[in-house]
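Start counting the sequence shown at 226; every next residue gets the next number (this note's numbering). Glycine included, every Cβ here is placed at the ideal spot set by N, Cα and C. Here's the structure, in structure tokens; my notes come after.
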Amino acid sequence: MFFGKKKREKASGSDGMIPGITPRSLVASLLCMLLAGIYTQYSMVIVAENNQSPEMILPVPAMAVLLLLVIVGGVLYRLFKARMLTHAELLCVVFSMFIAVPIMTQGFWHRFLGLTTSPLRNASFDYLDAYNENLWPHGPNVMDGVLTPDNVKAGEGRLTWEETEYEEGRRALLPRLSSTNAEAVSTFSLTIPVRPENGTAVEVANPHLMSVLARTADLEAESEFFVRVYIDDETASNQLISERKAEKKTYLHRTGFVRVGAYGMPLADKYCERLRFEFGLRGRGSVLFADPKLMSVQAIEGAFRGRKIISQAEYDAMPPEARPPGVVVKPDNMWSLRGLGYIVEGYIPLREWSRPALFWGAYVFLLCGAFFAVNVIMRKKWAESERYPLPLTRIPLAMMGTDDPDVARRGFSSVFQNPYMWAGFIVSLFWCMMKGWHAYNPRVPDLSINVPLGPYFLNPAWGGMFNGTTFTVNAFIVSIAVFFELNVLLSFVIGYWLSRAAWLVGHWTNLKVEVGFPWRDHQTIGAYLGYFLIVIILSWKYLWGVIKDAVRGTPKERGDVMSRRAAVLLLIGCHLGVLVWARMVGASGLSMMVYFCFLVILGFVASKFRAECGMAFGYFTPYNAMLFVSAAGGMAVFGAEGLLVALLLSGFLTVTVFYL
């Protein structure tokens, strides 16, 4: 666990660099991310703080865990003269938390979970076939491939089988129910075993998604088609689907089939051995059925509603037929392998989450790989030639004592002996504690500095320039801003008021009558793209040199983690990986490549911002990146599948603090 002097010397390579990604640092990263997640859950959910601390440019939960790690490491060094982690390993742990904390909060709970499940929870079945099954959590489709003459049992009425193209390029032998009698009911049924010998068991109490493609013809006003489910041999049924019409050609379903279904319904409330699904038509007309889907959505509903937990002893005491299906059984002995498995998995159906976690994680991995390659390529120019100050790194590096020559002797960074640091800490602690006390007891004076400026500028000649603006002092932002250069801070202030001056110009020129004025989201995207082009043009000589070094295979220089050839190949490989990813999720390669390049451009500009001047707040990326999709061709270029994937990506990557 500890890292002594001899071990450090052995780890240093010929270039004098100590590896940071090691088994020890990986274990420490997982532990620290867990602690940061616990802090985030407690502060934002249990206590319900409204300070957005995990979304700051330096996430507060990550900084709190870093402080704990530094204190524990310093104490252990004082006692045993050995380090838990080297500075390189500690740096990797810190940046893993910096990436993870925003993704935990805005990335997952606020954005990702709602965005990826809204087409399902809102019963938007029209979009279900554009939404690849690899991108949302669910159980296996137990009706996959069962709609065949061998598995279908005919009921009342007329049943025929027809070779039909139900989607472009997809044909199958499909059942058609038809009737010429207004009072007749035509049916066929499928039987699904709950515990098959080969296959996946059906947890009947779990909420399920049931859907099917249908195309009707000549249905009268009183006619309808339906899907019902029966338990074992019971005569009572539970009606899942009931529709009166399904004949509409859309961009997604050009053959006239319509996806209908039901979401979130349990199939049974008691133990059973088999389920019988009855597809039927009542009245005159005909209906074709295709591509039925039946899958558990416990992962989705469990995240929103939770699950019922019962102890092992209570569960075992019940007779098998009385045991409630769908419950989570908690082991009586938590100090056992089953107890460990319960702690790791809990009530989360990891099997249902595995595929979306793999595919979305692969995309984020490719995106981070491209960012890494871009920063390796630009490192020499930004860090050595232009000597950017990297202001956002000063606080964590000072806490770790990376540049402190005496930290090896004391175990703690000299910043902890700085009286100005302690003075600032005491003042800010008193100020924040008083504000927190006021939140619990309104009789305590409120020391918040929050002054609306709008009431001081009510003259209509200002054009609403000051409406909604507030002078606020935030302890998080002030603590970071003190490390910024004065000209950078001044440019922030001037730039902000110049952007607000758009309302004044709009009032003078009457542009404010145009819909969407002053087009803030459009301007943000344009500013990123324009800034990227400016940097590329001004750096063309350096970039041309990088390309020549990559072609020649020039060895890596001192300070680089990889050669320029390796960085360029990594960048190209990540883009090629997106093409593979697009194919696996059913989106067009062109659309995903265009959008991936756009996200890499955002990362390029964000990296330059952070290196050159720093950012005081986490929200500095385009808030509505779907405007770029519209400008890039919309549905014609992206298609239905690509458009939906781009919408999800823009929802949880560009509007949040992913680019921290």
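- Straight across, the Cα-Cα distance linking L873 with P544 is about 46 Å.
- Within the model, the alpha-carbon separation for R808 versus Y352 is close to 18 Å.
- In this structure, I456 lies near C497, with their beta-carbon atoms less than 9 Å apart.
- Remark: C-beta atoms of M329 and A261 approach each other more closely than 9 Å.
- Remark: C-beta atoms of E447 and G508 approach each other more closely than 9 Å.
- Between I602 and M288, the C-beta spacing is not below 9 Å.
- Under the three-state reduction of DSSP output, K833 falls in the helix class.
- When DSSP reads this structure, M490 sits in a beta bridge with H433.
- Scanning the region 738-801 from its first residue to its last, the whole alpha helix (DSSP H) runs of 4-plus residues come out as 745-763 and 765-777.
- Three or more beta-carbon pairs drawn from the region 410-425 and the region 370-389 are found closer than 8 Å, and the two stretches are therefore classed as touching.
- Taking 9 Å as the cut-off, the Cβ atoms of L513 and F482 count as close.
- Counting only the Cα atoms, S521 lies some 9 Å from M490.
- Between W744 and K737, the alpha-carbon positions lie close to 10 Å from each other.
- Between G867 and A752, the alpha-carbon positions lie close to 25 Å from each other.
- Membership of I417 in any alpha helix (DSSP H) is not indicated; the residue belongs instead to the beta strand (DSSP E) covering V410 to P418.
- For S511, the three-state secondary structure derived from DSSP is strand.
- If you compare the alpha carbons of L304, R395 and F842 with that of A700, the shortest gap goes to F842.
- T405 carries a coil assignment under DSSP once its states are collapsed to helix, strand and coil.
- For the set L654, R308 and V454, the Cα lying nearest the Cα of L672 is the one of L654.
- When the alpha-carbon of G859 is set against those of C838, M817 and M840, the nearest one is in M817.
- Note on M624: 16 or more other CB atoms within 10 angstroms of its CB, so buried under the neighbour-count rule.
- By the Cβ rule, the region 607-617 counts as touching the region 829-837, because three or more pairs are nearer than 8 Å.
- Assignment of P549 by DSSP, reduced to helix, strand and coil, places it in the coil class.
- With respect to the C-alpha of E393, the residue from H732, L678 and Y476 having the closest C-alpha is Y476.
- The C-alpha of L763 lies about 24 Å from the C-alpha of L715.
- Looking from the CA of S349, the closest CA among Y488, R249 and H363 belongs to Y488.
- Within the region 640-724, the complete alpha helix (DSSP H) segments of 4 residues or longer fall at 644-665 and 700-706, listed in chain order.
- If you compare the alpha carbons of A686, F708, N712 and Y721 with that of T694, the shortest gap goes to Y721.
- Per DSSP, reduced to three states, the secondary structure at D516 is strand.
- Taking G527 as the centre and dropping the five residues before and after it, the same chain places the C-beta of Y572, I573 and P574 closer than 8 Å to its C-beta, in chain order.
- C-alpha of L384 to C-alpha of S467: approximately 19 Å in a straight line.
- Beta-bridge analysis with DSSP links R336 to no other residue.
- Measuring C-alpha to C-alpha distances from L878 to each of L310, T846, I759 and I674 identifies T846 as the nearest.
- By alpha-carbon distance to W578, the top candidate from T734, Y567 and Q523 is Q523.
- Comparing alpha-carbon positions, the option among G811, D541, G798 and T247 lying closest to V318 turns out to be T247.
- Take D774, set aside five residues on each side of it, and the residues of its chain with a beta-carbon closer than 6 Å to its own are R789, in chain order.
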